[in-house]
Each structure stands twice: as structure tokens, then as C-alpha cells.
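Just so you know, we're using the numbering used here here: the sequence shown kicks off at 5 and counts up by one. Beta carbons are placed, not taken as given, at the ideal position from N, Cα and C, and that holds for glycine.
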Amino acid sequence: MDRAPVAFEQGSCEAFDENGTALFGDLHIHTSYSFDAAANSTGATPEDAHRYARGEEIPIFPINDMGVAVGRTKIDRPLDFLAVTDHGEFLGERALCRTAGSPVYDTKYCSIYRSSQRQGMILLGTVITTETPVRIPEICGADGGLCRDYAQSPWQDIQDTSNKANTPCEFTSFVAYEYTGTPGTSNYHRNVIFRNDSVPELPVSYIDAPIDSKLWAALDAVCDAENGCDYLTIPHNSNLANGRMAPYMQLEDTTAAKRAYAQSRLKREPIMEIFQHKGGSECINGLSSVFGAPDELCEIEAVRRMGENKIYMTSDLSSSSELAMIEASKVTVECPEGTIGTYGMLGAGCVHPTDFQRSALLVGLKEEQAIGLNPVKLGIIAATDTHSATSGGVKESAWVGAVSGEANPAQRLQSGLLTSGIDGNPGGLAGIWAAENTRDAIFDAMLRKEVFGTSGPRIRPRLFAGWGFDSNLCQSNDMITQAYAGGVPMGADLIASDEPGKPMFLAYAAKDPDGQKLQELHLIKGWIDSLGKMNTQVIPIATEQAGADSLCKVYTDDNFDSTQSAYYYLRAVEPETPRWHTYDCAAIAEVDRPEVCTNGQYPNMIREMAWTSPIWYQGQ
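What follows is the structure, given as C-alpha cells:
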């Protein structure tokens, strides 16, 4: 077999590796330009996010009576790349209400907005909870033009900061923003990443294009390929989507419409965010439509579980301008076929197979059988979704919170809104196998899905598939070169063999150089059986109870059926280590510790892990 067509070409960097180097970064970061981060964080700027990522100290909680962040924080190790993804919605609205002398600065709306950052957040946030969002005429004018005009300055600053920070071969920064659809208070968010400094005049927001197919069409119209503009989108927190990230939303039920949708998504949405501050989106136990044994690792940092769950909803603003929350109990069920839910952002409403990566990929395989294209063909990354500019600050023992409601141990140990507080976590990292550290090399790796996600540690996993790997490949000094030559990497399609045979997999992972040893490798398989049913299996392929610096296995799928479509991805798992809240509990005097420190509601120990993008096989 010839080497895969994604083989790297020599670039401009001295540090060039044709087999790829594992780069770590964060593609989901908020600063004070985001309407919610302004109410929930330290006033940190895009420049602060870049400084933090490169190893410099930045301000952090606590915030003094003057509203100034007086703490300091620093990442444990610098990142290789990042993208600041401030919300594309409301850049102009916020600038208008906060800029003295603007045409609407003295309006009642802007006065209310400025009276409380939290109240301002709610005022703006309600706009994007509908399926037909419109700009606020009182602020933006009848045609919305005033808000578009005032959005240009912050958008330009976001661009300038990224372009200034971008240092080819040393540190990569992408111009980016978040598309923040929240219809029915369900998550419909995507991060939009641009290849280079050729970008649209303004972000295309949820207000401009309130469905994914319209987002891609609108971006295609303003992202001029002739001038070098290129982009991709990355959905996140599908775990809170209530089925709204299923393909074909608001499209006519025809094969032609579905194929057109799949073509757009395959081109523009190559990867998804599997883990971040608001929980994991790999899998959920209990879906009746998916057959397979329960997976205990699905429970780690899960914010959606089947059955009865406590949630927290806002009632109104208290006199102190803090969000007043009401505890409620809700029963989580699977969405009936053909339906979607609401209030996923509050942990409520039904869950759908497309809410979780493992079952969403199965939906894609079924659709491929029906229309000839796979509309859910997504690689895997992870991120933080920090709202305090602490890009990549994922160390459990040093987490300082992502929003102001997490400003100290006592606050972090409380239940909060939008999975903040005890239900949140430090988030994860995106891993990229790229030949060099440049915008083009990293962007191309994302397009071909040769990427991975981790729950925080800098684990380096790789997965290849082929029809004739040497069983001793793990012992070879040129293992990766041989794997490229004889197979395909993660993110690719394994093309059917002309000869009868079983697929072989080279599964490898190396530990975080500063972290725990690795304990297990799991090959996750999903397939559609002869009856059209969706199936998954977790296959332990390598175990070292004492831990190992690296684990490697050449594995043959002896249960392979060439007529059945399937996907495979690798999960590398560390032994148990303390969850972040155990450090916070230890920092509080024993007599003052909240009940959550001792009642067992939250596990004291977790298992950190990494996930590769899948490899797909289309049944013949």
C-alpha cells in the first residue's frame, strides 16, 4: 500500500518531522470581549490569554472591591498553539452600551445593562435562546447596522492580537470566534477557526445564521478563497444539545438535501470537542438505541446521566446582583425518535444519540448507508472553555476556576450554573500531529482529522489501521514510518482490501512527560450490524497495572465483518489520581468543609485519559 496521501511536505521550520510532532494547545478560550465572560471573570484580554499560554503570569481571582483581579496565575508548561474564541454575538451591542458618547449609551436598555454585568449578560443572552434571533432594535437600529458598525473595533483587536502573537515555528495563534446558538436553552455552539489572517469583515453569528447549514453557507459567501480565506467549525458540548446537533435540522426530507448538507459538513466541520469545563461528550450509558456493555469511564466528569438528577435554574437577580438559583430535580430520558429537547444548558431535557461522540458516529454510519455520505464524520479534540483567559490551565492540583463563581475553594465546591462550581472541571487540551508548528500545518492536520483530545495531561496517542502490519511493529525503530507506508492514520478511511482479511491496528500512546504512567489502552469499536442496529464495544488491548511510560499493541479485529460499516478509535488511560475538588477540600479547615467533601456525591479520584480521532471502514 502506498503512503497515505496526507504525507507531510517539507515546510519552512527547522523543527520539521515528516511523521508529525505532537503539539498541544487550546482552541476554546474566552476573554472580556465575550458577553458572559465579562460578567463572570477577571476582565482578562485576548493579550492576557496569549501571555498565559506562552508561560507568563496574568491576573486572576480574587477580585477586590474595586473590581480588580488581585491574584496571579501561571500555566505549568507553555502551549504550542491557541485560538481565542470570544462570542461572535454582541460584540457591537456591548461596545455601544459601554462606550460613553455612543448613540445609545444613555438609553434605558444600556443603563440597565451597565447596572450589573450579570444582568447585562442575561439581557443579551435571551436573544440567542430562540430559533429566530433578532438584534435589539433599541440598540442596533431597525436594520442592525449600528451594532455591526460597533463590532468592527473589537473584532479588529481580536485579529490584531492573534496576528501579532503568531510566531511561525514557535507558537501558533489562530483568528477565531464562537458561534453561540442556544435555541431552547440547548447547546448549539461551534468555534469557528480561520486558517490565516484573511478573515471576514465581521463574524457570522447565530443571529445572522441560526442553523448550521446557514452558518457554512454564510461563511462561504464572505470567506473569500481567492484571497486565501479558509475556515473550519468545531462543535462543542453536544452533551448539552438535547438532540439539536443531529444532522439535517430544518431541512426538507429529501436525499438531495441531505447529501448537500453532508457535503458541506464534511468540508467544513471535520472535528468535535469531546471534553471541556462543562463535562465530557464521549459517551453516556443507558441509550436504548445503542447496544453494548456499560462503560464506567463514561461517568468521569459526566454532567448528563440517565435517571433522576439535580439541576440548578436561575430565578432572578437578587439585590446583590448575584444570580439567584433554585434547585430542581429532573428525570433524564432518551429523546423519543424524531424529537428534540430543551434546557440542556441547565442539565435538563432529554438526551439524544447525537449528544455523545460514540453514538453520534453510529448515526453517521447509518446515514451513510441511506444517502451514500456520512454527515457525522468527526475527529476528536478537547479544550478548556475557560472564561478567564487561562488557556490550557488544566492541572487538577492547581485549578483556579474558569468563572467568578469559582474564585475560591468555597465557591468552587458549591453547585452552580452552566456546570460551574463542583460540577465543572479544569477542561482538556487539543493535540495535533503536525509536521511543524505553523498555522497551515496545524490547520491541515485538523482538516484531515489527525488530531486527538486529552482530559488534561499531555498524553500522546496514535492509531493506524491496515491490512498487513507486521505483528512485531511495536519493536521497530521506524514504527511510525512503516505504519504510514502500510496503512492509514487516525482520521482517515480504511479502504476495503481486495483480498480476504482482518484489519490490523497499530495502537500506541506515550505518557505525559511530567505526568502519570499509562495503565491501559482501549480500542473503541462502533458498527452497524446486519439488522441495522447500532453497536459499540470497548476492547482492552494493552494493560500494565504498574504503569508504563508507553504502551503499544498491534491488534487484529478477529470479529470483523467486511459487510458491516464500522469505526475505531483509541483511548489511553492513566491510573486513578485525585480530582480537583479534593485539593480544594484539603485547603479548607476541616470544620468548615462543605458536605460535598465527605458525602461521596462526587468521586475523590478520577482517571485522566486521551482519545484519538476515529478510523472509518465502509461496509461492502
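Around Arg269, the same chain offers Pro379 as residues with beta carbons nearer than 6 Å, after the five sequence neighbours per side are excluded.
By DSSP's assignment, His240 forms a beta bridge with Glu277. Annotation: the continuous alpha helix (DSSP H) that includes Ser157 extends over Gly149 to Ala169. Nearest to Gly24 by alpha-carbon distance, out of Pro493, Leu83 and Ala53, is Pro493. Out of Leu95, Gln121, Val179 and Tyr181, the CA that lies nearest to the CA of Ile143 is found in Leu95. Closest in C-alpha terms to Gly505, from the list Arg263, Gly470, Asn476 and Phe20, comes Gly470. Distance check between Asp448 and each of Thr346, Val337, Gln373 and Leu236 places Leu236 closest, using alpha-carbon atoms only. Inclusion of Ile79 and Gly396 in the CB contact set at 8 Å is warranted, their separation being smaller than that value. Under the 8 Å Cβ criterion, the segment 355-364 does not count as touching the segment 198-212, having fewer than three qualifying pairs. Membership of Asp30 in any alpha helix (DSSP H) is not indicated; the residue belongs instead to the beta strand (DSSP E) covering Thr25 to Ile33. Annotated three-state conformation of Asn539 is strand, per DSSP. Annotation: Gln520 is outside any alpha helix (DSSP H) and is labelled neither H nor E by DSSP. If the five residues before and after Lys515 are omitted, its C-beta is found closer than 7 Å to the C-beta atoms of Ile463, Lys521, Leu522, Asp553 and Ser554, all from its own chain and listed in chain order. Partner residues in the beta bridge of Lys557, as assigned by DSSP, are Ala511. Contact check for Val307 and Asn243: beta-carbon distance about 6 Å, within the 8 Å limit, so the pair qualifies. In terms of CA proximity to Ile436, Gly29 leads the group Ser16, Gly29, Phe20 and Ala19. Take Thr133, set aside five residues on each side of it, and the residues of its chain with a beta-carbon closer than 8 Å to its own are Thr186, Pro187, Gly188 and Thr189, in chain order. Inclusion of Glu400 and Tyr587 in the CB contact set at 8 Å is warranted, their separation being smaller than that value. For Val492, the enclosing beta strand (DSSP E) begins and ends at Gly491 to Pro493.
Following the DSSP letters along the chain, one finds Ser177 inside the beta strand (DSSP E) bounded by residues Thr176 to Phe178. Of Gln605, Gly457, Gln549 and Tyr571, the smallest CA-CA separation from Leu433 is found for Gly457. In the three-state reduction of the DSSP assignment, Pro357 falls in the helix class, which pools H, G and I. Remark: C-beta atoms of Thr176 and Phe85 approach each other more closely than 8 Å. Restricting attention to alpha helix (DSSP H) runs no shorter than 4 residues, the segment 333-399 encloses them at 361-375, ordered along the chain. For Asp565 and Asn313, the gap between their C-alpha atoms comes out near 40 Å. Distances from the alpha-carbon of Gly247 to those of Gly232, Gly353 and Cys173 put Gly353 closest. Taking 8 Å as the cut-off, the Cβ atoms of Pro465 and Ala570 do not count as close.
Under the DSSP assignment, Tyr572 falls in the beta strand (DSSP E) whose first and last residues are Ala570 to Pro582. Under a 10 Å Cβ-count criterion, Ser408 is classified as buried, with 16 or more other Cβ atoms of the shown protein chains found around its own Cβ. Residue ranges of uninterrupted alpha helix (DSSP H) with 4 or more members, entirely inside the segment 422-456 and ordered along the chain, are 443-451. An exposed status is given to Pro141, since fewer than 16 other beta-carbon atoms sit within 10 Å of its beta-carbon. A direct Cα-Cα distance of roughly 10 Å separates Leu467 from Cys556. In this structure Lys529 is buried. Its beta-carbon is surrounded by 16 or more other beta-carbon atoms within 10 angstroms.
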